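What follows is one structure encoded as structure tokens, with my remarks underneath.
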Amino acid sequence: MAKRIGILTSGGDCPGLNAAIRGVARAAYERMEGVEIIGIASGFAGLINGQYRAMDKSEFSGILTLGGTILGSVRTPFKDMRKIGADNVDKVASMVQNYEKMKLDCLCTLGGNGTHKTANLLSEEGLNVIGLPKTIDNDIWGTDVTFGFHTAVDTATDVLDRVHTTAASHGRVMVVELMGNKAGWLTIYAGIAGGADVVLIPEIPYDRETVIEAVKRRAEKGKAFSIVAIAEGAIRNDETGMKRKEIRAKRAEEGYPSISTRLAHAIESITGIETRTVVPGHVQRGGSPSAYDRVLATKFGIQAADLICQSKFGYTVAKKNGKLTQNKLADVAGKTKLVTKDDDIVRAAKNIGICLGE
Numbered sequence: 001m002a003k004r005i006g007i008l009t010s011g012g013d014c015p016g017l018n019a020a021i022r023g024v025a026r027a028a029y030e031r032m033e034g035v036e037i038i039g040i041a042s043g044f045a046g047l048i049n050g051q052y053r054a055m056d057k058s059e060f061s062g063i064l065t066l067g068g069t070i071l072g073s074v075r076t077p078f079k080d081m082r083k084i085g086a087d088n089v090d091k092v093a094s095m096v097q098n099y100e101k102m103k104l105d106c107l108c109t110l111g112g113n114g115t116h117k118t119a120n121l122l123s124e125e126g127l128n129v130i131g132l133p134k135t136i137d138n139d140i141w142g143t144d145v146t147f148g149f150h151t152a153v154d155t156a157t158d159v160l161d162r163v164h165t166t167a168a169s170h171g172r173v174m175v176v177e178l179m180g181n182k183a184g185w186l187t188i189y190a191g192i193a194g195g196a197d198v199v200l201i202p203e204i205p206y207d208r209e210t211v212i213e214a215v216k217r218r219a220e221k222g223k224a225f226s227i228v229a230i231a232e233g234a235i236r237n238d239e240t241g242m243k244r245k246e247i248r249a250k251r252a253e254e255g256y257p258s259i260s261t262r263l264a265h266a267i268e269s270i271t272g273i274e275t276r277t278v279v280p281g282h283v284q285r286g287g288s289p290s291a292y293d294r295v296l297a298t299k300f301g302i303q304a305a306d307l308i309c310q311s312k313f314g315y316t317v318a319k320k321n322g323k324l325t326q327n328k329l330a331d332v333a334g335k336t337k338l339v340t341k342d343d344d345i346v347r348a349a350k351n352i353g354i355c356l357g358e
């Protein structure tokens with residue numbers, strides 16, 4: 001039975017990481033005798049560079065409500081893991097060596113898609129690894145929800161709520177750019193919850209004229225304002241099929257600092273309605289986790305501890321149809337859960353008259 005457990009948090013931070021760390025530790029302490037928790041700093045970078053320490057049991061108290069991560073997090077792209085950089089360090093070999101140096105029985109990795117790919121790589125190298133799915137994007141394959149998502153939806157919804165009052169007061173169109181480079185879960189959930197009139201997500205390329213017509217129709221009906229929620233990764237229909245680098249280059253040539261600015265300029269220049277942009281940015285990642293995410297992250301931590309007790313490694317925990325379960329890391333790595341046009345949330349948006357830009 002595994003007793004020396006390493007924990008790291010990798011990729012972008014999100015609410016609920018500390019709650020999950022706490023869940024793993026407290027459940028492990030309850031289930032097993034002589035447990036030692038080794039905290040690895042700065043994600044996989046810490047595992048590569050040997051930044052770790054034995055943690056005291058008291059360190060897992062008082063962190064349930066704390067945002068961010070007490071272990072620190074750094075983005076270490078999966079695509080670079082096999083590359084030998086200028087420092088001449090073999091990253092994979094260093095991670096394996098440090099795992100052995102720490103005398104770990106298993107490693108828990110808390111992260112998103114990139115983290116799961118690296119976790120699977122380490123599993124293939126023979127390490128005992130368990131993943132926990134976190135991301136505000138909710139785009140990890142095989143789980144209905146990731147911790148951090150609901151808190152981000154609450155935050156983004158609050159932004160839309162506040163924008164509503166100023167938009168109505170001034171008779172403006174407000175274009176709110178929300179996070180989500182590849183997946184639109186956050187934008188469409190917040191858009192529905194925040195009463196947006198137009199919701200644009202990466203999975204459904206939008207037609208600019210369709211969006212402008214939707215704003216015009218509202219104005220013609222006496223609605224003096226409109227709210228547009230647009231994901232940072234949304235694309236126009238004339239950008240379909242283009243690579244991300246090509247899209248970025250095209251937008252740079254057009255001279256707009258963001259996708260929301262480009263759309264706002266088009267709306268105002270064609271309709272004559274004053275249009276403003278709001279980009280909440282990393283505010284969506286920050287702050288204390290919601291009650292839902294505290295419970296979910298705790299449950300995921302407990303599920304991870306259960307897998308450790310069973311010596312069942314090479315898995316990531318998940319929630320499917322309301323029940324806790326797990327998926328093989330090999331089945332999850334490299335897959336992304338995207339919004340589909342036949343998803344319930346898309347049908348809901350359409351059924352209440354939200355324009356999706358098609």
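Every letter in the sequence shown is one number past the one before it in full-length UniProt numbering, and letter 5, counting from 1, is 5. Yeah, the Cβ is synthetic: ideal placement off N, Cα and C, and Gly gets one too. Since the model is a prediction, treat every value here as computed from it, not as a measurement.
Local Cβ density within 10 Å of residue i, reported as buried at 16 or more and exposed below that
| i | result |
| --- | --- |
| H282 | exposed |
| D197 | buried |
| T166 | exposed |
| S312 | It should be pointed out that residue 312 corresponds to Lys in this sequence rather than to Ser. Per the 10 Å Cβ criterion, exposed. |
| T336 | exposed |
| V339 | buried |
| K117 | buried |
| residue 373 | Past the edges of the chain, shown from 1 to 358, lies residue 373, and the structure says nothing about it. |
| I37 | buried |
| V199 | buried |
| I84 | exposed |
| G6 | buried |
| T325 | exposed |
| N351 | exposed |
| D331 | exposed |
| D293 | buried |
| G180 | buried |
| R244 | exposed |
| A264 | buried |
| R236 | buried |
Expected contact under 8 Å - CB spacing of residue i and residue j to nearest Å
| i | j | result |
| --- | --- | --- |
| G72 | A27 | Their Cβ separation, rounded to whole angstroms, is 23 Å, which puts G72 and A27 out of contact at 8 Å. |
| G11 | G114 | 6 Å |
| G131 | L8 | Contact flag wrong, Cβ pair sits at about 11 Å. |
| V228 | V159 | Rounded, the Cβ-Cβ distance is 13 Å, inconsistent with contact. |
| L266 | R208 | At residue 266 the sequence reads Ala, which differs from the Leu that was named. Yes, A266 and R208 are in contact; Cβ-Cβ is about 6 Å, under 8 Å. |
| G334 | S123 | With a Cβ gap of about 13 Å, G334 and S123 do not count as contacting. |
Sub-9 Å separation of residue i and residue j beta-carbons
| i | j | result |
| --- | --- | --- |
| R262 | Y256 | yes |
| T240 | V173 | no |
| G184 | P202 | yes |
| T143 | K3 | no |
| R31 | I63 | no |
| A297 | F147 | yes |
| M55 | G34 | no |
| C355 | A214 | yes |
| V279 | F300 | no |
| L127 | L107 | yes |
| T69 | E177 | no |
| G357 | V163 | no |
| V96 | E125 | yes |
| G233 | K182 | yes |
| D161 | G194 | yes |
| G171 | I273 | yes |
| V74 | G43 | yes |
| V129 | T109 | yes |
| M81 | V92 | yes |
| A224 | A168 | yes |
| Y29 | K57 | yes |
| S260 | I230 | yes |
Under the three-state DSSP convention, the category residue i falls into
| i | result |
| --- | --- |
| S226 | strand |
| C14 | coil |
| K350 | helix |
| E177 | strand |
| Q51 | coil |
| I247 | helix |
| F60 | helix |
| E358 | coil |
| A86 | coil |
| V278 | strand |
| A156 | helix |
| L71 | coil |
| T240 | coil |
| Q326 | strand |
| A41 | coil |
| G46 | helix |
| V338 | It should be pointed out that residue 338 corresponds to Leu in this sequence rather than to Val. L338: coil per DSSP, three-state reduction. |
| G111 | strand |
| G23 | helix |
Task: Any 3 or more C-beta pairs closer than 8 Å across the segment 13 to 22 and the segment 285 to 293 - done: yes
Open item on the list: Does the segment 344 to 356 come into contact with the segment 178 to 198, if we say contact requires no fewer than three beta-carbon pairs (one atom in each stretch) closer than 8 Å?
Closed with: yes
Open item on the list: Below 8 Å, how does it come out for the segment 149 to 158 and the segment 123 to 138: are there three or more Cβ pairs, yes or no?
Closed with: yes
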